[in-house]
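J.:
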Amino acid sequence: MNLFKMAQSLLDIILPRRERTMRAEILTITDLHIAPSAESACGIEITTLMDYRSRAVEDCVRALKYDGSASATTLLAEALGDYLREEIAHIQIFSTKKILLVPMPLHTSRIRERGFNQIELVLAKLPDEFKNGILSTLATGVLARTRATPPQTRLSRRERLTNVLGAFVAVAEKIRGTHIFLIDDVTTTGATLAEAAKTLEKAGSIVSAISLARA
């Protein structure tokens, strides 16, 4: 047993892991029932890969989001990578634009609270060709969340639409003329993802908005 596994076993005894994380560790890619679907939200087309109402998907996403589960991160990266590989290949037939992978940013206060950006964890687990410019380039600093907003789950649909207006800023000189895959973990109304996508579009990029799951 290596040192990491020994440390993990000790932590499991002292601080038992959450049940959802334990369930997520035994999931396989087939358990997630990946079925990409697209619909419009606030004028932006958003593609979702999985249904959050599935127990397996909810466990996997929550284990990633709240526990930083390595198993959930790896599994979701596999699902995302399979989808991106096909989409990027299709884009490259018709376009020579540089392709960027951009994670949905968290406000600095949320980063301090949680300790990580869950989508950045997933993107970091993708094969190197998605990050080093062969298929695409990972770009974590081109979009920022400029203000903290109340959690969308507590708001009405109308409040969700106004809650995120003007909440993002893009670094235009780094993304102008590119094709961006903007990636989030879960979307409900799509208002937050759509606002971020519009910010990137105004800065001069073509945007494909993707959410791992739809609630």
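Each residue of the sequence shown is one higher than the last, beginning at 7 in the numbering used here.
Each residue gets a CB set at the ideal place from its N, CA and C atoms; glycine is no exception.
Cutting at 8 Å between CB atoms, please list the residues of its own chain near Thr193, excluding the five before and the five after it.
T.: Hits under 8 Å: Ala47, Ile52, Thr54, Leu199, Ser217, Ala219, Arg220 and Ala221.
J.: Evaluate contact between the region 121-130 and the region 74-85, counting only Cβ atoms and requiring at least three cross-stretch pairs below 8 Å.
T.: Touching, yes, given that three or more Cβ pairs across the two stretches are closer than 8 Å.
J.: CB-CB under 6 Å to Ile186, same chain, minus the five flanking residues each way: which ones, in chain order?
T.: Correct list, in chain order: Leu106, Val108, Leu206, Ser211 and Val213.
J.: Could you give the distance in angstroms between the alpha-carbon of Glu165 and the alpha-carbon of Ile94?
T.: If you take the alpha carbons of Glu165 and Ile94, they lie about 35 Å apart.
J.: Just to confirm, are Asp190 and Met110 a CB contact at a threshold of 8 Å?
T.: Yes, the Cβ-Cβ distance between Asp190 and Met110 is below 8 Å.
J.: Tell me which residues share the same chain as Lys208 and place their Cβ nearer than 8 Å to its Cβ, disregarding the 5 neighbours each side in the sequence.
T.: Within the same chain, Lys208 has close Cβ partners Ala176.
J.: Just the C-alpha distance for Ile40 and Ala85, rounded to the nearest angstrom, thanks.
T.: About 7 Å.
J.: Taking only the alpha-carbon atoms, compute the straight-line gap between Leu70 and Gln124 and give it to the nearest angstrom.
T.: Their backbone Cα atoms lie some 6 Å apart in a straight line.
J.: Classify Ala154 as buried or exposed, calling it buried when 16 or more other Cβ atoms lie within 10 Å of its own Cβ.
T.: When all chains shown are included, Ala154 counts as exposed.
J.: With a cut-off of 8 Å on the beta carbons, I'd call Phe174 and Ala150 a contact; round off their distance for me.
T.: Indeed, because the Cβ distance is near 7 Å, the residues count as touching under 8 Å.
J.: Starting from Phe100 and walking both ways along the alpha helix (DSSP H), at which residues does that stretch end?
T.: Residues Ala76 to Phe100.
J.: Determine the direct distance from the alpha carbon of Leu132 to that of Ile99, and round the result to whole angstroms.
T.: Cα to Cα, the separation comes out at about 22 Å.
J.: Have a look at Thr34, Glu31 and Ile117 and flag the residue whose alpha-carbon is nearest the alpha-carbon of Thr152.
T.: Nearest C-alpha to Thr152: Ile117.
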